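Numbering (full-length UniProt numbering), first residue to last: 1 to 446.
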Amino acid sequence: MSSSVSRLVSSVCKKIIKPYSPTPISLRCHKLSYLDQMVGGIYIPMAFFYPKLSNTWSNKPNNVVSQHLEKSLSKVLTNYYPFAGKLNDNISIDCNDSGVEFFITKINCPMSEIFNHPYFEKHNLVYPTEVINNQYTNEGSLAVFQLTHFSCGGIAISMCLSHKVGDGYTFNNFMNHWATMARNALSSEIYPISPKFDGSFYFPPTKDEDSSNVSNNNIVPQREECVSKGFSISSSKLTALKARVINESKVQNPSDTEVVSAFLYQRAMATKKLVNSSSIRPSLLHQAVNLRPPLPKHTMGNIGSLFSILTKEEKEMDLAQVVSKLRKEKEEVKQKYKNAKIEELLPITLEQYRKANDLLVNNSCYDLYRFSSLITFPSYDVDFGWGKPEKVISPLSTSNPPIKNMFVLMDDKNRDGVNLTCSMKKQDMLAFERDEELLRFASPTS
């Protein structure tokens, strides 16, 4: 973060928040699943922006807002106890209730100045600096939060959860459960999902002596110097893209994720071709898949798989053809898991990763594009009692440095369009953000 940006922060206060109730002895040792062990040491960040608090809260002092969040956070940590513990190598988490870090900051600028910044550098102000700049260590907190007060009276609440403990689904459940706890102080509302951290039952971990070998082959890629930008695709533009796919393929009910992923992949490959003044380079699209269902929706942790499609020739870049490939691969993956026995889940998942790696290596792929979709996740329902967020910044969009060629998709606030964040090498982003075909359907949001 540049010094000119960091000077906007006028004060920082740090607190440790511990679970409201002690974790039972029977739950004190949380075993990592094999998929948890595979995940590299990073945080998943997300920030929720509230430009105006409801009338009930607008005139209350800052410390009252903070106390409201701290108290409800303490209560929800009782349900999400691994986040308040300490990582034990790559084997387990000691759920010792040591707590999570909670920062309170003031920023000397209005929230609009953050939104209007062309790239994501200023967005990093709503996250603790040490989290954005570094991966966590075994001694670090597995969850870090920040409440940011802006000069305009608005606030932002950011959360960074260790990927070792959970995925995007876990993240969204935590945030909505926390918000429900906060509202529950004024009502009898109950969160519908009671979390269970039982991923190791479905994906048994390796033996203790082999755990380091798993982490050395982790599924989180190395970071590179990249820039991140946001775009939005409106409801009407999304409908137009879907109509094109329906008219030109056998896929008659394309999903938002399929259409937007295919479109972005197509435009990224096309602009990369221009940057390198060459023919299309063999490319691979990785699509993350949530495995709930078939696994229970209350299962927290890293509960996912992936599938991939390969593009080697320019004739394969057609939007409808890319969507058809995505649908075919997705349906094949769903069938594999549909009737799988518990002991078959891990072998199937590892085979998916092996298959993706083989495609990458055997076809000498120059470019790998990673897609993660939070579409249908209730990110814009996170209401702590003062209203729903005006803007949500998606996971992996503010990491420093970002993951190259990473795309994160989310619903927009009205749930009829798509917001997306992408990270690329700077020269690739300059070409991508100027692509006329991209800009026919997507509008820059940052």
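All C-beta atoms in this analysis are idealised placements derived from N, C-alpha and C, irrespective of residue type, glycine included. None of these values were measured; they are calculated from a predicted model.
Problem set entry | Nearest-angstrom Cβ-Cβ length linking residue 243 and residue 385, presumed shorter than 8 angstroms | Position 243 of the sequence shown, counting from 1, holds the residue named residue 243. Position 385 of the sequence shown, counting from 1, holds the residue named residue 385. So it is not a contact: roughly 41 angstroms between Cβ atoms.
For this session: With a threshold of 16 other CB atoms inside 10 Å of the CB of residue 422, please say whether the residue is buried or exposed.
Result: Here the question's residue 422 lines up with position 422 in the sequence shown. That one is buried.
Problem set entry | Whole-Å CB distance - residue 280 paired with residue 314, under 8 angstroms assumed | Here the question's residue 280 lines up with position 280 in the sequence shown. Here the question's residue 314 lines up with position 314 in the sequence shown. About 5 angstroms; that satisfies the 8 angstroms criterion.
Problem set entry | Bounding residues of the alpha helix (DSSP H) (the contiguous stretch that carries residue 101) | Here the question's residue 101 lines up with position 101 in the sequence shown. From DSSP, residue 101 is part of no alpha helix (DSSP H) but of the beta strand (DSSP E) over 100 to 107.
Problem set entry | Close Cβ partners of residue 174 (< 6 angstroms) along its chain, the five nearest in sequence each way excluded | Counting from one through the sequence shown, the residue named residue 174 turns up at place 174. Taken in chain order, the residues that qualify are 80.
For this session: On a CA-only basis, which of 291, 364 and 232 is nearest residue 438? Give me that one, please.
Result: As a first step, residue 438 must be located in the sequence shown, where it is residue number 438. When only C-alpha atoms are compared, the closest one is 232.
Exercise. Taking Cβ positions, are residue 435 and residue 271 nearer each other than 8 angstroms?
Worked result: On the sequence shown, position 435 is the one that residue 435 refers to. On the sequence shown, position 271 is the one that residue 271 refers to. Cβ distance < 8 angstroms, so residue 435 and residue 271 count as in contact.
For this session: Please look up how many angstroms separate the CB atoms of residue 124 and residue 151, rounded, as I've assumed it's under 8 angstroms.
Result: Residue mapping note: residue 124 aligns to position 124 of the sequence shown, counting from 1. Residue mapping note: residue 151 aligns to position 151 of the sequence shown, counting from 1. The Cβ separation is near 18 angstroms, so there is no contact.
For this session: For the stretch 251 to 305, list the beta strand (DSSP E) runs that are entirely contained and at least 3 residues long, ordered along the chain.
Result: 283 to 290
Problem set entry | Enclosing beta strand (DSSP E) for residue 86 [first to last residue] | Counting from one through the sequence shown, the residue named residue 86 turns up at place 86. That run of the beta strand (DSSP E) goes 86 to 88.
Exercise. Taking the alpha-carbon positions, what's the residue 447 to residue 405 distance?
Worked result: This structure gives no information on residue 447, because the portion of the chain shown stretches from 1 to 446.
Exercise. Is residue 158 closer than 8 angstroms to residue 24 when the C-beta atoms are compared?
Worked result: Start at 1 with the first residue of the sequence shown, and residue 24 comes out as number 24. Start at 1 with the first residue of the sequence shown, and residue 158 comes out as number 158. Result no, Cβ atoms of residue 24 and residue 158 do not sit closer than 8 angstroms.
Exercise. Thinking C-alpha only, which one of 155, 198 and 289 is nearest residue 57?
Worked result: Taking the sequence shown and counting its residues from 1, the one referred to as residue 57 is at position 57. Comparing Cα-Cα distances from residue 57 to each of 155, 198 and 289, the minimum goes to 155.
For this session: With distances taken Cα to Cα, identify the nearest neighbour of residue 153 among 51, 251, 331 and 288.
Result: By 1-based counting over the sequence shown, the position of residue 153 is 153. Ranking 51, 251, 331 and 288 by Cα distance to residue 153 puts 51 first.
Exercise. Per DSSP, what kind of secondary structure is residue 230 in: helix, strand or coil?
Worked result: Your numbering for residue 230 matches position 230 in the sequence shown. Strand.
For this session: Look at the alpha carbon of residue 225 and the alpha carbon of residue 67, and state the distance between them as a whole number of angstroms.
Result: Here the question's residue 225 lines up with position 225 in the sequence shown. Here the question's residue 67 lines up with position 67 in the sequence shown. Cα to Cα, residue 225 sits roughly 38 angstroms from residue 67.
Exercise. Rounded C-beta distance between residue 33 and residue 205? I'm assuming under 8 angstroms.
Worked result: Numbered from 1 along the sequence shown, position 33 holds the residue referred to as residue 33. Numbered from 1 along the sequence shown, position 205 holds the residue referred to as residue 205. Right, their Cβ atoms sit about 6 angstroms apart.
For this session: Determine the contact status of residue 161 and residue 83, defining contact as a CB-CB distance below 8 angstroms.
Result: Reading the sequence shown from its first residue, position 161 is the one you call residue 161. Reading the sequence shown from its first residue, position 83 is the one you call residue 83. A contact, by the Cβ cut-off of 8 angstroms.
Problem set entry | Inter-residue spacing [alpha-carbon to alpha-carbon] between residue 296 and residue 27 | Numbered from its first residue, the sequence shown carries residue 296 at position 296. Numbered from its first residue, the sequence shown carries residue 27 at position 27. So the two alpha carbons sit approximately 20 angstroms from each other.
Exercise. Are there three or more Cβ pairs, one per stretch, closer than 8 angstroms when the stretch 191 to 201 is compared with the stretch 287 to 307?
Worked result: yes
For this session: Output the distance between the C-alpha atoms of residue 141 and residue 86, rounded to the nearest integer angstrom.
Result: Counting from one through the sequence shown, the residue named residue 141 turns up at place 141. Counting from one through the sequence shown, the residue named residue 86 turns up at place 86. When rounded, the distance between both Cα atoms is 7 angstroms.
For this session: Could you say which of 115, 432, 170 and 375 lies nearest to residue 409 if we only look at CA atoms?
Result: For this step, residue 409 is matched to residue 409 along the sequence shown. Looking at the Cα atoms, 375 is the closest of the given residues.
Exercise. Exposed or buried, which one is residue 311 when buried takes at least 16 other CB atoms within 10 Å?
Worked result: Against the sequence shown, residue 311 aligns to sequence position 311. Counting Cβ neighbours within 10 Å, residue 311 comes out buried, since at least 16 surround it.
Problem set entry | Buried/exposed call for residue 351, threshold 16 Cβ in 10 Å | As a first step, residue 351 must be located in the sequence shown, where it is residue number 351. Exposed, by the Cβ-count rule.
Problem set entry | DSSP state of residue 201 mapped onto helix, strand, coil | Here residue 201 corresponds to residue number 201 of the sequence shown, with the count starting at 1. In this structure, residue 201 counts as helix in the three-state DSSP scheme.
For this session: Kindly indicate which three-state DSSP category residue 49 falls into: helix, strand or coil?
Result: Translated into positions along the sequence shown, residue 49 becomes position 49. DSSP places residue 49 in strand when its eight states are reduced to three.
For this session: Let me know the secondary structure DSSP gives residue 370 once reduced to three states.
Result: Mapped onto the sequence shown, residue 370 falls at position 370. In this structure, residue 370 counts as strand in the three-state DSSP scheme.
Problem set entry | Option in 276, 320, 103 and 91 with minimal Cα separation from residue 253 | For the purposes of this step, residue 253 is identified with residue 253 of the sequence shown, where counting begins at 1. The residue with the shortest Cα to Cα distance from residue 253 is 320.
For this session: Please report the Cβ distance between residue 264 and residue 287, rounded to the nearest whole angstrom; I am assuming they are in contact, meaning their Cβ atoms lie under 8 angstroms.
Result: Within the sequence shown, the letter at position 264 stands for residue 264. Within the sequence shown, the letter at position 287 stands for residue 287. Residue 264 to residue 287, Cβ: 12 angstroms. No contact.
Problem set entry | Same chain only: Cβ atoms within 7 angstroms of residue 360, ignoring 5 sequence neighbours per side | Position 360 of the sequence shown, counting from 1, holds the residue named residue 360. Answer for residue 360: 284 and 368, listed in chain order.
Problem set entry | Straight-line gap, residue 95 to residue 349 (C-alpha atoms, nearest Å) | For this step, residue 95 is matched to residue 95 along the sequence shown. For this step, residue 349 is matched to residue 349 along the sequence shown. Their Cα atoms are separated by approximately 28 angstroms.
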